Amino acid sequence: MVSVASAQVFSATAVKAAFLHRFASYVEWPADAMGGGPFIIAVAGADEVATQLDVLLPGLAVQGRPAEVRRVTRATELDGVHILYLGPDSAARTRELRDAAINRPILLVTDGENGFAGGGIINFVQSGSRVRFEVSLTAAERARLKIDSALLPVAARVERPPQAWLEPRPLRRAAFANRLDGLRAALDVRRVR
Amino acid sequence: MNLPATSRPLAALCMLWVASPASAQIVASAADQISQLSRMSLEELSNVEVTSVSKAPQSLSTAPASIYVITGEEIEHSGATSIPEALRLAPNLQVTQINSQEYQIGARGFGGNLELQNFSNKILILIDGRSVYNPLFSGVAYDQQDVLMEDIDRIEVISGPGATLWGANAMNGVINIITRSAHETRGASLRAGTGDQETAASARYGASFGDDNAFRVYAKGFDRDESYQPSGDKAGDDWRKAMAGFRMDLGSDSARDRFTIQGDYQEATESQLAANDVDFTHANVVGRWERSGENIDTRLQLYADTTDRDQPVSGVAFDLNTYDLDFQQTVDTGERHQVVWGLGRRHHDYDIVNTPGLSFAPPNRTLELTNVFAQDVIALGARLELTAGVKFEENSYSGWSTLPDLRLAWAPNEHALLWGAASRAIRAPTPLDVDVEERVGSVLFLTGNPDFRPEQVDAYEIGYRSQPSGSFSWLFSTFYNEYDDLRTIEPAVGTFTPLRWDNQMKGHTSGVEFWANIQVASWWRISPGLRSLTKDLRFSEGASGLLGTEQAGNDPEFQVQIKSAMVFTRWSVDAMLRHVDELPSPPNPAYTELSARVAWRASEKLELALSGFNLLDDRHSEYALPTAREIPRSIYAEARWTF
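So the protein sequences, as listed, match chains A and B. Residues in the first sequence are numbered consecutively from 1, following this note's numbering. Residues in the second sequence are numbered consecutively from 194, following this note's numbering.
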């Protein structure tokens, strides 16, 4: 049976904004991608998420530097961007953005797409009334990003580079993830404090 | 000769085919939410309940059209217990309650003129993709349109034509009612309520099964009390309904392939003043397959719908069966184009029980509706988008129609959209227009017209929407509609009777629509809205002008509303004030009414709510007609238990 969780209900856009900020702590960018500027989260086709980040980011340090939101519509605006979120409103015109981001050290986050067909490293999915995410290690490798293994147990699904013989059976992975869950939660709380 | 009086039987009878009760999306304020969420771990974030993750409402916020989205939360907080009452939340609709059982609902005018044999017949209403207007006369029997209200995800209300995508009848507006997927309605929910106009109860249970599948089943019932006659006597129009349904979704909401099967069954009994009860049963089943591909999204839908309506004395009883097959594909062809195309076919068969006063020749028929359409959204630049589409539709009476639509949208910045549109739409002929025969005594008084043409509109619109900040958004649109071939009544040459339907009226309407959402504080949202309408209609040269141009619709010139939504940790307080201008003919005075709801979350599982409707008057009339009724003030108390 499903429990009707905490009485409080949030807007999906706020939850996604919080996720985007938190993802940054689980990713290691190549040194050349970090530069000296601020940490930039770019958003396209999701104005509400950008508005949430406007509220969230001021005063927060990400990877030891100030963080900023940038609303983008074309590839030329991607310089210095660390995370690019392509929201569900993004129409045909964001294809250019997507293609440009795939070949750079940018954490491309897509939303509700068909798995990783959209080239995303992280993809938001809907699971009942919750927002979950999937992780593609294949796409991360291509973008030269290192994903902290601590992110993976929380993911709804993890796509790995084809190494079939090493792939744990899905069932065992789930059990393993469950055990890690408690540990992660404890660690994470400490990190926040 | 008193035409309106003698011709009233038809109006009254057709009305019997037709039917039979505010706020904002309640989420904690942006600032509050985000600061709370920013302190959560990934696991906690993954387990947070969100209001709606659905894709469409967000995409709609960028659509170049006058669209108001009523969210499920808004409906819940308004206390509305029926679809027509929930539709009052849309500032771009005109909702008129006729009596305890019936409503007339329109957009941009043409809300019907019941006294002059006309109905709100230029609007398309869909429930989960199933068209629910009655093909016998193009009106909507709102007593028959029902779902479990708490399962509604959202209602998209489009004012203006939507014929290119939706086709038949999407002439002045489209109402798209969408229920939640079974994945989103897991768990049990029991509710029961009572008040001076209604007593109701419902139960729903949903769960998941297998890896990625979910189902729900529900049952509900209600008893609605009588309205009043102008004399103050009760109107004898109380009614009751029992309804049950299910929905099963195979594949998660983000899976590549998703199958949905859903259905509902209902039975209702409606009392009538000095006549036997009206009974109807209605059942439907819908099957849908959706595939999300890399560049192509595909949807195939099939449904069957059957209504059996029995009206013992007045005699307009009918059986109506509908089968519909619909295929649609969205193709993202590359950088510039997004193409939607599709085709569909709908089959109706019906059997009407003729009476001496009102009959149809023939009384049974099959009607076919076939369509094929394509639309391309072309990115002309980073901020300029052109939408061009056309639908070709064939109906059994008037053959093929061409329904084109052209929209140009410009985004001056990330927060705003300016658009202009030109479109053509029609209302297709129905058995009421073509096959009807009305007799007064033994005299054939009115006949249908085998050459009846579709009523047609060429619609032009300019709109602007903007969200300058997270706490403020607004939309303004203005329209100019050019109508042709509107339905009229023409006398027979020399003998006057039989009268015959014809297409001898034309003219234009214009007006504006405006609404806004203002987050005044983290706990308080205010949403004003208004609409205005000017009509300039005339008869074609040589037409008789019988019944006047007011037969096209008895519409108010303006309507304003203001909604207030307050939310606290355990309490929420919502109210909606609406003012509707006078109706010209038959005249009904302007009125102002208030509805309000207070809800208290007693525990995680239990919520208690008290609603009040039409609070400002003991009774008020929304439509003046000898057969129309006055609606009393009412209150309703409800408990909801979820676990």
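Ideal placement from N, C-alpha and C gives every residue a C-beta, glycine not left out. Keep in mind the model is a prediction, meaning the values are calculated, not measured.
Item                                                                                                                                                                                               : Value
Which value, in whole angstroms, describes the spacing of the CA atoms of Ala-461 (chain B) and Ile-227 (chain B)?                                                                                 : 47 Å
Less than 8 Å separating the Cβ of Met-34 (chain A) from some heavy atom of the ligand COA?                                                                                                        : The model on display carries no ligand, and the ligand COA is accordingly not part of it.
On the premise that Ile-370 (chain B) lies in contact with Ile-183 (chain B), defined as a C-beta separation below 8 Å, what is that separation, rounded to the nearest angstrom?                  : Only positions 194 to 836 of chain B appear in the structure, and residue 183 (chain B) is not among them; the question remains open.
Kindly give me the distance between the Cβ atoms of Val-195 (chain A) and Leu-84 (chain A), rounded to whole angstroms, as I take these residues to be in contact under 8 Å.                       : No information on residue 195 (chain A) is available, as it lies outside the stretch 1 to 193 that chain A covers here.
In this structure, what does DSSP give as the bridge partners for Val-650 (chain B)?                                                                                                               : B:Ala-618 and B:Tyr-676
Taking Lys-315 (chain B) as part of the alpha helix (DSSP H), name the residues at either end of that continuous run.                                                                              : That residue, Lys-315 (chain B), is in no alpha helix (DSSP H); it is neither H nor E in DSSP.
Assuming Tyr-496 (chain B) contacts Asp-517 (chain B) under a Cβ cut-off of 8 Å, what Cβ separation, rounded to an integer in Å, is found between them?                                            : 5 Å
From Leu-443 (chain B) to Arg-451 (chain B), what does the alpha carbon distance come to, in whole angstroms?                                                                                      : 6 Å
DSSP three-state call for Pro-825 (chain B): helix, strand or coil?                                                                                                                                : strand
Give the DSSP-derived three-state secondary structure of Ser-245 (chain B) in the structure shown.                                                                                                 : Residue placement at Ser-245 (chain B) is poorly supported in this model, since its pLDDT is 37, which falls under 50; the coordinates still yield a value, given next. Note: Ser-245 (chain B) maps to coil in three-state DSSP.
Against chain E, which members of the region 50–81 of chain A pass a CB distance test of less than 7 Å?                                                                                            : Looking at the structure shown, chain E is missing, and the protein chains on hand are A and B.
In whole angstroms, what separates the C-alpha of Arg-132 (chain A) from that of Arg-617 (chain B)?                                                                                                : 43 Å
How would you list, in chain order, the residues of chain B whose beta-carbon sits under 7 Å from the beta-carbon of Phe-19 (chain A)?                                                             : Leu-238
Taking 8 Å as the limit between beta carbons, can you name the residues of its chain near His-813 (chain B), skipping five residues before and five after?                                         : Tyr-784, Glu-786, Asn-807, Glu-823 and Ile-824
Answer with buried or exposed for Ile-122 (chain A), where buried requires no fewer than 16 other C-beta atoms within 10 angstroms of its C-beta.                                                  : buried
Consider the Cβ of Phe-39 (chain A): report whether some Cβ of chain B lies at a distance smaller than 9 Å.                                                                                        : no
Using a C-beta cutoff of 9 Å, does Ile-351 (chain B) count as contacting chain A?                                                                                                                  : no
Hey, Ile-489 (chain B) and Asp-519 (chain B): beta-carbon distance below 9 Å or not?                                                                                                               : no
Count the C-beta pairs between the region 760–767 of chain B and the region 723–739 of chain B that are closer than 8 Å, then say yes if the count reaches three, no if not.                       : no
Would you mind stating whether Leu-184 (chain B) and Ile-368 (chain B) have Cβ atoms separated by less than 9 Å?                                                                                   : The requested residue 184 (chain B) is not part of the displayed model; chain B covers only 194 to 836.
Secondary structure at Met-441 (chain B), three-state DSSP: helix, strand or coil?                                                                                                                 : strand
Give the residues of chain B in contact with Val-15 (chain A), contact being defined as C-beta atoms less than 7 Å apart.                                                                          : Leu-230, Leu-238, Val-241 and Val-243
Considering only residues of the same chain and omitting the five flanking positions on each side of Asp-472 (chain B), which have a CB-CB separation below 6 Å?                                   : Thr-462 and Asp-503
Taking just the CA atoms, how far does Thr-559 (chain B) sit from Phe-415 (chain B)?                                                                                                               : 34 Å
In the DSSP assignment, find the unbroken alpha helix (DSSP H) run with Ser-239 (chain B) in it and report its ends.                                                                               : 235–240
Could you check the C-alpha separation between Asn-314 (chain B) and Ser-659 (chain B) for me, to the nearest Å?                                                                                   : 32 Å
Going straight from the alpha carbon of Ala-412 (chain B) to that of Gln-465 (chain B), what length do you get?                                                                                    : 26 Å
Between Gln-337 (chain B) and Gln-568 (chain B), what straight-line distance do the alpha-carbon atoms span, to the nearest angstrom?                                                              : 33 Å
Rounded to the nearest angstrom, what separates Arg-632 (chain B) and Pro-721 (chain B) at their Cα positions?                                                                                     : 48 Å
Among the residues of its own chain, which have a CB less than 7 Å from the CB of Trp-534 (chain B), if the five just before and after it don't count?                                             : Gln-522, Phe-566 and Ala-567
When you compare only the Cα positions, how much space is there between Glu-800 (chain B) and Glu-237 (chain B)?                                                                                   : 25 Å
Rounded to whole angstroms, what is the Cα-Cα separation between Met-441 (chain B) and Asp-498 (chain B)?                                                                                          : 18 Å
Just to make sure I have the definition right: I need the residues of chain A whose C-beta is within less than 7 Å of the C-beta of Gln-226 (chain B). Which are they?                             : Phe-10, Ser-11 and Ala-14
With H, G and I counted as helix, E and B as strand and the rest as coil, what does DSSP make of Trp-482 (chain B)?                                                                                : strand
Is it a yes or a no for the region 11–18 of chain A touching the region 40–59 of chain A, going by three-plus beta-carbon pairs under 8 Å?                                                         : yes
Give every residue of the same chain whose Cβ lies closer than 7 Å to the Cβ of Ile-263 (chain B), excluding the five residues on either side of it in the sequence, and list them in chain order. : Ala-279, Leu-282, Ala-283, Arg-347, Ile-348 and Val-350
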